[in-house]
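If you're matching them up, the sequences are chains A and B in order.
For the first sequence, the positions run 216 to 617 when the numbering used here is used.
For the second sequence, the positions run 396 to 761 when the numbering used here is used.
We treat Cβ as the ideally placed atom computed from N, Cα and C, and that holds for glycine.
Since the structure is predicted, the reported quantities are computational estimates derived from the model, not experimental observations.
A quick write-up on the structure given underneath.
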Amino acid sequence: VNFGTVALDDPHQRFARDVDAFLAAHVTTEILGLERDSGDGFDERLYRALGSRGWIMPRWPAEVGGAGLDPLSAHILSVKLTASRAPLNPLGTTRMVWEAIERYMPAGWVAEFRPKVAAGAVRFCLGYSDPEGGSDIAGAHLRAVRRGGTWLLNGAKMFTTGAQNCQYVFLITRTDPDAPKHRGLTMFLVPLSSPGIEIQAIRTFGGERTNAVYYTDVSVPDRYRVGAVDDGWSVLHTPLDQEHHVGQETDGLQDQSLGRAFLRHLEAAYTAALPWLAARGAEETPSAPSALCYRVGEIAMEIEAATGAPGAGGRILGAETTIRGVAALTDLVGVAAMLPRGVPGAIGDGEIEFMHRFAQGTTIYAGTTEVFRGIVARQLGLPDLDLPGRRKYLRPQTIPQR
Amino acid sequence: MDDRKAAMNAELRYQDYSLDDEEEAVRATFERFFRVECPSSRVREAEPVGFDPRLWEKLAATGAVPDPLGGDAGGEAPTLVHLALIAEELGRVLAPVPFISHAVTARLLARVTSARDDGVPAGEPITLAHRPVTGTGRQLVPDAAVCRSVVALVDDELVLCVSGRPAPHARNQGSTPLGDWGVSHDMRRVRLAGGAEARRLHELALREWRLLMAAALVGLVRGALRLAVDFAKTRTTMGVPIGALQGISFQLADVAIAMDAARHLVWRAAWFMDHEPAQAGQLPGLAYAYACRAATTGAVSAVHVQGGLGFTVEADSSLYFRRSKGWSLLGGDPGVILTQAGAQLLAAAGARIPEAGTPVVRGLPQ
């Protein structure tokens, strides 16, 4: 157990200043404003600039495009990037997918792509959820049928966030509809420039842009297959475990769970609301005085508890605390909390208004909280419920229409 | 933009919740100790007072119980992190020993030099009166029914009060040695500190008490949850174990999630109190409030999942339920603690602080 400050020696202090200077130069107010308006999650120049420093894959040696950073430097970089709110969505998905590529793709392929990925020229997004499937990604319907040396893809995926900014989608397909659910899946790295792919923007009320991606007779050469045919579930697990923070080594620096990232959004709203509430007090806010103090204390308690909550439970607490906490802050602030950025009287440049919307996605994306409650239940030793579609692939009742 | 800069310049801290070798040894030792020494039959036998003298002796013999004279065997006094690990294992089996009261009172006495000379009865458990004493007013003091020595804040002085016998037991839902205690003339009284120093020492001891109680409550939830999980695995309905149904499994998952979060919050609060007390801030109180909530909901769910059987006196879950409030209430209303924490946080964010030192949010009644 240790929560002490990390002593930074001179080289690490210099590195921290170097990162600060980079962020000050590249993560401009303009970029942040554009991001708030567009929810695109990406800025090409910023991403490439990051790549030119070797910071897309910072632990990789410089010879292959990384920066050869030690773990502490990489952590400093990560903390500062997060705090800067730089729109770098493809970074996370690209790193996740790379884990699977390195393990399952041929050496030549890996060698060719490594520098491109590190430079920021090649980026990956995730094609997991079917329109009818949601979090049940092993129930994927999108069909891949072999035709000699190529595969023919037909179907659709929802929530392929970042597809408009990436070159390849890491796609889960159904290759054997007659096999047990998890055994009939195959993964592909599909070039998003392929004929027959149509990317349609979808807006969330959290302000983010995501996509529906339609695949109509998309032809994919077999060399883009990742891992063995019908072995997609094993392939998927490499990046999925990373996404779920499962079984990772820790050096005592990392967050306890994915939920910690969600909580930073609540903390942003809290940081905006607290001085406002303190300056006005209960006379000018809707809350009664002792209720105001009590609820601030309660929000603080829930943030502190969720911050250290480990694993799957931490992911749930992080999300649900964020939703509850922002809602409580809006109660305390009153109607001013509903004023968006740019409207006179908006608090913290509309931070609370934004976070109240944004928070709602946190119990859904990267697997719903129900998925994670199921994981916690299994860790407790509770038995699985043997539902009809748990192991068996159930064909869709309707074929998705364009 | 300012917030971003502040966040970027925030100091970097470890977030290391792993136990080092020494901590793991403490945890494992006392996991085994309490498992072997304190089956639920022992808990029942110790009712209604809630004290097992033989268990207390054995626990004291392990060297885990802090010495009020500050002369702990082996040189170094146990840290709060170590004490929290022990308290969790104690809570898991509902061990009927006044460990928490004794540990924090002993630590308090060890901070006050005069206690060394004036003597605390050796080998006996000691306890702490939580509410300030005015005149001869009586109060319910945790563990005072089995402790002759009580440290109390009497008329703004910190006093060690030693009686000929422990206070009368106040029978209570939690089967704890709650004593109906008050200052009387036949007590030997040793003045330990006065004024601001007395209040500071008393408040610190209360903070430690709440912290260790929070740890014990984490253990209590763990014990109750284990009973409920075992039941849910074997009890079937409509052909499946009830634990496979999400109405049950999600409820128990939530208990586990709150328990794990509470444990880590307790460890973090304990670490800060050990190493950087000035930075501990509201953490001990928040840990206490959170653990109280986790214990309340956890014990309720553990009973509920076992249905009517969990509601019977024979079910061990009844032991856990009765202590979930019976133990935690002794530390005060978590709502008050949260209100105070919120006032402090608002004050730190710029709310007015009058000269009296009590942070006040504008509009808050004085």
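Buried or exposed for B/F706, please, with buried defined as at least 16 other CB atoms from any protein chain shown within 10 angstroms of its CB.
With fewer than 16 Cβ atoms within 10 Å of its Cβ, B/F706 is classed as exposed.
Alpha-carbon to alpha-carbon, B/T692 and B/A673
Spanning the two alpha carbons is a distance of roughly 32 Å.
Beta-carbon within less than 6 Å of A/D255's beta-carbon, same chain only, minus the 5 sequence neighbours each way: which residues are those?
Annotation for A/D255: R424 place their beta carbon closer than 6 Å to its own, counting only its chain and skipping 5 residues before and after.
Which residue comes first and which comes last in the alpha helix (DSSP H) that contains A/R606?
From DSSP, A/R606 is part of no alpha helix (DSSP H); its letter is neither H nor E.
Measuring only the C-alpha atoms, how far is B/A694 from B/A610?
So the two alpha carbons sit approximately 15 Å from each other.
My assumption, with CB atoms under 8 Å, is that B/L596 sits in contact with B/A588. Please give the rounded CB distance.
Their Cβ separation, rounded to whole angstroms, is 6 Å, which keeps B/L596 and B/A588 in contact under 8 Å.
Going straight from the alpha carbon of A/T244 to that of B/V528, what length do you get?
So the two alpha carbons sit approximately 58 Å from each other.
Secondary structure of A/F339, DSSP reduced to three states
DSSP places A/F339 in strand when its eight states are reduced to three.
Runs of 4 residues minimum, wholly inside the region 290–378 of chain A: which ones carry the alpha helix (DSSP H) assignment?
Fully enclosed alpha helix (DSSP H) runs of 4 or longer: 304–319, 322–334.
How many whole angstroms separate the CB atoms of B/L681 and A/A484, which I take to be in contact at a CB cut-off of 8 Å?
Wrong, their Cβ atoms sit about 19 Å apart, outside the cutoff.
Taking A/E314 as the reference, which of A/L547, A/H452, A/G540 has the closest Cα?
Between A/E314 and the set A/L547, A/H452, A/G540, the nearest pair of CA atoms involves A/H452.
Quick check on the burial criterion: 16 or more other C-beta atoms within 10 angstroms. Buried or exposed for B/D655?
Counting the other CB atoms within 10 Å of its CB gives B/D655 a total of 16 or more, which places it among the buried residues.
Alpha carbon to alpha carbon, what distance is there between B/G730 and A/H397?
Each residue's CA atom was taken as its position, placing A/H397 and B/G730 some 49 Å apart.
What residues from the region 659–675 of chain B come within 7 Å of chain A, judged by C-beta to C-beta, listed N to C?
Along the region 659–675 of chain B, the positions whose C-beta sits under 7 Å from a C-beta of chain A are H659, L660, W662, R663, W666, F667, H670, read in chain order.
For B/E709, count the other beta carbons within 10 Å of its own beta carbon; 16 or more makes it buried, fewer makes it exposed. Which is it?
Classification for B/E709: exposed.
Since A/T375 contacts A/N426 with CB under 8 Å, what's their CB separation in whole angstroms?
Right, their Cβ atoms sit about 5 Å apart.
Which residue from B/L607, B/L553, B/G702 puts its Cα closest to that of B/I590?
One point to set straight first is that residue 590 of chain B is Gly, not Ile, in the sequence displayed. Selection B/L607, B/L553, B/G702 evaluated against B/G590 yields B/L553 as nearest (Cα-Cα).
If you draw a straight line from the alpha carbon of A/A534 to that of A/R495, how long is it in whole angstroms?
When the Cα atoms are used, A/A534 and A/R495 turn out to be separated by approximately 29 Å.
Per DSSP, A/F403 forms a beta bridge with which residues?
Residue pairing for A/F403: DSSP places it in a beta bridge opposite A/L386, A/R440.
Proximity winner among B/A593, B/P572, B/R502, B/E406, relative to B/D551 (alpha-carbon distances)
When only C-alpha atoms are compared, the closest one is B/A593.
So which residues of chain A does B/Q677 contact, with C-beta pairs closer than 7 Å?
The answer, in chain order, is A515.
Quick check on the burial criterion: 16 or more other C-beta atoms within 10 angstroms. Buried or exposed for A/A231?
For A/A231, the number of other beta carbons within 10 angstroms of its own is at least 16, and it is reported as buried.
Quick one: grab the DSSP three-state call for B/R586.
When DSSP states are grouped into helix, strand and coil, B/R586 belongs to the strand group.
According to DSSP, is A/I579 helix, strand or coil?
Residue state for A/I579 is assigned as coil, using DSSP reduced to three classes.
Under 8 Å Cβ-Cβ, which residues of chain A neighbour B/R408?
Residues of chain A passing the Cβ test: F218, G219, T220, V221.
Just checking: is the beta-carbon of B/F425 within a distance shorter than 9 Å of some beta-carbon in chain A?
Chain A contact via Cβ: absent.
Interface flag, A/P490 vs chain B, CB-CB below 9 Å:
It does: the Cβ of A/P490 has a partner Cβ on chain B nearer than 9 Å.
Would you please verify whether the beta carbon of B/K720 is less than 9 Å from any beta carbon of chain A?
Chain A, which has no Cβ nearer than 9 Å to the Cβ of B/K720, makes this no.
Supposed contact pair A/G219 and B/Y409 - C-beta distance, whole angstroms, cut 8 Å:
In this structure, B/Y409 and A/G219 form a Cβ contact; the two beta carbons are roughly 6 Å apart against a cut-off of 8 Å.
Opening and closing residue of the beta strand (DSSP E) in which B/C556 lies:
Run containing B/C556: 552–557, per the beta strand (DSSP E) assignment.
Using a Cβ cut-off of 7 Å, which residues of the region 613–633 of chain B contact any Cβ in chain A, in chain order?
Answer set for the region 613–633 of chain B: V624, A627, K628.
Give me, in chain order, the residues of the same chain whose beta-carbon lies closer than 8 Å to that of A/L547; leave out the 5 immediate sequence neighbours on both sides.
Excluding residues up to 5 positions away in sequence, A488, L492, T500, P501, S502, L507, R510, V511 lie with their Cβ nearer than 8 Å to the Cβ of A/L547 in the same chain.
Whole alpha helix (DSSP H) elements within the region 671–703 of chain B, 4-residue minimum:
Complete alpha helix (DSSP H) runs here, min 4: 672–675, 678–700.
Which class does A/N380 belong to by DSSP, given the choice of helix, strand or coil?
Helix, per DSSP.
Can you tell me which of the three DSSP states A/E499 falls into?
Coil, per DSSP.
So, are the CB atoms of B/V700 and B/Q641 less than 9 Å apart?
No; because the gap between Cβ atoms is not below 9 Å, this pair is not in contact.
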